[in-house]
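Visitor: The sequence shown begins at 58 in this note's numbering and counts up by one.
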Amino acid sequence: MHDQPVHDQWEFLRGAGLGRGFTGIWVESGDADGVAALLGADLTSSQDCDLTTAMAHYRPMAFTERIWTGAHSGGWTHALTISGPPPVTTGLEEAGLRFLQIRTVDSHVHDLLYSDGVTTGWATQRWYGEVVVDPGSMLEPYLQEVGRPEMPAAVHSKSWVSEPEHHGRVCLEIYLFLAGRMSGRFIDRAWSDEKRALYTVPLPAGM
Numbered sequence: 058m059h060d061q062p063v064h065d066q067w068e069f070l071r072g073a074g075l076g077r078g079f080t081g082i083w084v085e086s087g088d089a090d091g092v093a094a095l096l097g098a099d100l101t102s103s104q105d106c107d108l109t110t111a112m113a114h115y116r117p118m119a120f121t122e123r124i125w126t127g128a129h130s131g132g133w134t135h136a137l138t139i140s141g142p143p144p145v146t147t148g149l150e151e152a153g154l155r156f157l158q159i160r161t162v163d164s165h166v167h168d169l170l171y172s173d174g175v176t177t178g179w180a181t182q183r184w185y186g187e188v189v190v191d192p193g194s195m196l197e198p199y200l201q202e203v204g205r206p207e208m209p210a211a212v213h214s215k216s217w218v219s220e221p222e223h224h225g226r227v228c229l230e231i232y233l234f235l236a237g238r239m240s241g242r243f244i245d246r247a248w249s250d251e252k253r254a255l256y257t258v259p260l261p262a263g264m
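In structure tokens, the structure reads:
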């Protein structure tokens, strides 16, 4: 895929207990509190903690939404959904911030949502780990580093399988690579040991 020695970020996240669902947003902003506010967080609910402590509240798609938010790298903030639905990104878009959002639900990997500060688009999945973006996308240079995935034998078989095994996993690893390259930092143990703010995000009435 690429010649850089990048560890398996998804294995690390899954090992942290995020296997049933993971929504992460990488935002080009050094103002972590400002990013949390744009995502709808109640800033008075802030609790500084590491990921292990935050994961005590892990409830994918629960009715209480919590995000663990803080500095990721120089000029970048990361927001991780601990419980509840994925945060609404409208505030980030209206503020003109560049961001990437990766989302999984059980074994399903959603397309990567991104914004260049002006327009919002998707890094979409094709057959067995091929990810495509619109020409001129801010992700295009990094995606070129990935190259085309090797097609497994299952692609050439005449089975009724709708997509090869591990397709979503390959796409997810590509998405995490793109986020790491663009933000300048990959997820590792030091990342999870850092303290960030755990916020409650009030859900709209009627949810």
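Where is the CB? At the ideal position from N, CA and C, for every residue including glycine.
1. From what residue to what residue does the alpha helix (DSSP H) around VAL227 run?
2. Tell me the DSSP secondary structure of ARG246 in three-state form.
3. Rounded to whole angstroms, what's the CA-CA distance from PRO143 to GLY97? Just pull it up for me.
4. Are three or more beta carbon pairs between the stretch 107-125 and the stretch 170-187 nearer than 8 Å?
5. Assuming contact is defined by CB atoms lying nearer than 9 Å, are SER140 and ALA119 in contact in what I supplied?
6. By Cβ distance, which residues of its chain are closer than 8 Å to TYR199, with the 5 residues on each side in sequence left out?
7. Using the C-alpha atoms, what's the distance from GLY91 back to SER219?
8. Tell me, please, whether the CB atom of LYS252 is closer than 9 Å to any CB atom in chain B?
9. Could you pull out every unbroken beta strand (DSSP E) segment of at least 3 residues lying fully inside the stretch 119-148, listed in chain order?
10. Taking all protein chains shown into account, do 16 or more other C-beta atoms lie within 10 angstroms of the C-beta of GLN66, making it buried, or fewer, making it exposed?
11. Checking 9 Å against the spacing of the C-beta atoms, do LEU108 and ALA73 come in under that value?
12. What's the C-alpha gap between CYS228 and ASP250?
Guide: Let me spell this out:
1. 224-240
2. Taken through DSSP and simplified to helix, strand or coil, ARG246 comes out as helix.
3. 11 Å
4. no
5. yes
6. PHE234, LEU235, ARG238 and MET239
7. The predicted position of SER219 is uncertain, since its pLDDT is 43 and thus under 50; no value can be drawn from it.
8. Checking the listed chains, one finds no chain B in this structure; it contains a single protein chain.
9. 122-130 and 133-141
10. buried
11. yes
12. 26 Å
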